[in-house]
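Report on the structure given below.
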Amino acid sequence: MKIALVHDYLTQRGGAERVFELLCKRYPQADIYTSVYDPQKTIDLGERIVKTTFLQNIPGAAKYFRLMAPFYFPAFRALDLQAYDLIISSSTSFAKAVQKNPRAKHICFCHNITRFLWDTETYLREYGDYRYFAPLIEQVFQVMRKIDLIYAQEPDLYIANSSVVADRIQKTYGKKAIVINYPIDTTKFIFSDLKEDFYLASARMISYKRLDIIVEAFNWLGWRLLISGDGPERERLQSKALDNIKFLGHVTDAQRTQLFAKAKSIIIAALEDYGLVPVEANASGTPVIAYGAGGVLDTQIPGKTGVLFKRQTPESLQAALLEGNNICWDYQNIRAHAVANFSEQAFFSKVEQVIDQACNLSRSLV
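Residue numbers (the numbering used here): 4 to 369.
Structure below.
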């Protein structure tokens, strides 16, 4: 069976790219396609050839990839994938638009619906100049929403990373999705039941991550907090933080692994569509304190692997931190839960069952 793997763009290294990296490793003979590729800033694909679209030839495309949003749909439609029996797309926006031959199957790992189109205000508010161009942008987005709805019908099957995303796919695109929680490479995280006297937040410093809530809560408590990551919100957050809060900036993978293993808890205040950080924390034997909405509802067991707070406010987070501080955590069980449910083995066992069923059904209809 000839397989094509397709991703929106390979110009950064986020959760969606990490999942695509796992797919590439799982299917080493598959051909890889994307719109724009920057090997220095994204996942490690070794010597694999990455086939790109005409957008790759535009100067500055990899750096300013978000500015080319209106051109991605035609770029993906122009790809010739007629020779493939199975297309696996990994998409939050455009890759689902690829065309296939009538006998092939297209399975889309949908990390979210096209968020900048369907939740524009939330997605773009971190970009300060957005309000100046909002009327023009909205006109363009109105056209793109119609196109997005049309191309969202291309995949034969959707796989969503969480129940929340599956619900969005159903409501926006009118397509049912199978929920398979995305995995982590559990071998990359070390276990420790010797926790040190600090809490950790690990996130890009952008507005929807709500690090402001975390900073305010720890200002009040006076507990030691380390924050890893960088972004446009860093200066503002640092200006509000007291001496018990330390900003680490970018950390290496090795440093991050140690921090995850030694922290008393890892704090998440954002509404995450899925969120790999809570699962990575659990794989390190570390409980999480998280806003109780979105993907954590699929991955966390309150009182066993973490504590969920109900409102995105410092007061609600403070109450959860105090509750978590009084729990006698079983760090071994936290790790065991992550390995059993979110390892690559558990993930691909479910995925390949779904793919086999889809492809066998397709053959029986020929």
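In this text, a Cβ means the ideal position worked out from N, Cα and C, and glycines have one as well.
Query	Result
Counting C-beta neighbours from all protein chains within 10 Å, is the total for V101 16 or more, i.e. buried, or is it exposed?	buried
Give me the Cα-Cα distance between R314 and G298, rounded to the nearest whole angstrom.	15 Å
What does DSSP give as the partner residues of K108 in its beta bridges?	L89
Within the same chain, show all residues whose beta-carbon is closer than 8 Å to that of Q321, passing over the 5 residues directly before and after it, in chain order.	A220, W223, L224
Please state whether the Cβ-Cβ distance between L8 and Y40 is less than 8 Å.	no
Whole angstroms is fine: what's the gap from L368's alpha carbon to G278's?	Because the pLDDT of L368 is 40, which lies under 50, any placement of that residue in the model is unreliable, and the number read from its coordinates should be weighed accordingly. Cα to Cα, L368 sits roughly 37 Å from G278.
Going by DSSP, which residues form a beta bridge with G297?	E275
Looking at the structure shown, is C27 part of a helix, part of a strand, or coil, going by DSSP?	helix
Could you give the residue range of the beta strand (DSSP E) that holds F74?	It is not in any beta strand (DSSP E) - F74 instead sits in the alpha helix (DSSP H) that spans 72-80.
From which residue to which residue does the alpha helix (DSSP H) around Y334 run?	334-345
Quick check on DSSP: helix, strand or coil for A323?	helix
Between the C-alpha atoms of V168 and Y334, what's the straight-line distance to the nearest angstrom?	29 Å
Decide if Q303 is buried, meaning its Cβ has at least 16 other Cβ atoms within 10 Å, or exposed.	buried
Rank L325, N285, P317 by C-alpha distance to the C-alpha of I337 and give the top, closest one.	N285
Check for me: the beta strand (DSSP E) holding S205 runs from which residue to which?	202-205
Considering K243, what are the terminal residues of the alpha helix (DSSP H) in which it resides?	237-243
For T175, report the span of its beta strand (DSSP E) as first-last.	T175 -> not in any beta strand (DSSP E); alpha helix (DSSP H) instead, spanning 166-176.
Please state whether the Cβ-Cβ distance between K103 and L84 is less than 8 Å.	yes
Going by beta carbon distance, what residues of the same chain come within less than 6 Å of G49, once the five residues before and after it are set aside?	none
Have a look at the DSSP bridge pairing and note the partners of S96.	DSSP, once it has assigned bridges, lists no residue as partnering S96.
In chain order, what residues of the same chain lie with their CB nearer than 7 Å to the CB of L25, ignoring the 5 residues before and after it?	P186, E347
Secondary structure at S210, three-state DSSP: helix, strand or coil?	helix
State the Cα-Cα distance for the pair N363 and Y30, rounded to the nearest angstrom.	19 Å
Since F23 contacts I46 with CB under 8 Å, what's their CB separation in whole angstroms?	7 Å
If you measure between the beta carbons of A204 and I230, is that distance less than 8 Å?	yes
Select from L160, D159, L120, E157 the residue whose C-alpha is nearest the C-alpha of Q142.	L120
Using only alpha-carbon positions, find the residue among D359, S287, P317 that is nearest to F345.	S287
According to DSSP, is P317 helix, strand or coil?	helix
Taking the beta strand (DSSP E) that A257 belongs to, which residues open and close that run?	Taken as a continuous stretch (DSSP letters only), A257 belongs to no beta strand (DSSP E), being part of the alpha helix (DSSP H) at 256-265.
So which of K149, A65, F312 has the shortest CA-CA distance to Q217?	In the sequence as presented, Gln is not what sits at residue 217; that position holds Ile. It is F312.
Based on the DSSP secondary-structure assignment, which residues constitute the bridge partners of H10?	T37, S93
Name the two residues that bound the continuous beta strand (DSSP E) containing F57.	Careful: F57 lies outside any beta strand (DSSP E) and carries neither H nor E.
Taking the alpha helix (DSSP H) that F119 belongs to, which residues open and close that run?	118-121
Taking the alpha-carbon positions, what's the D196 to D188 distance?	20 Å
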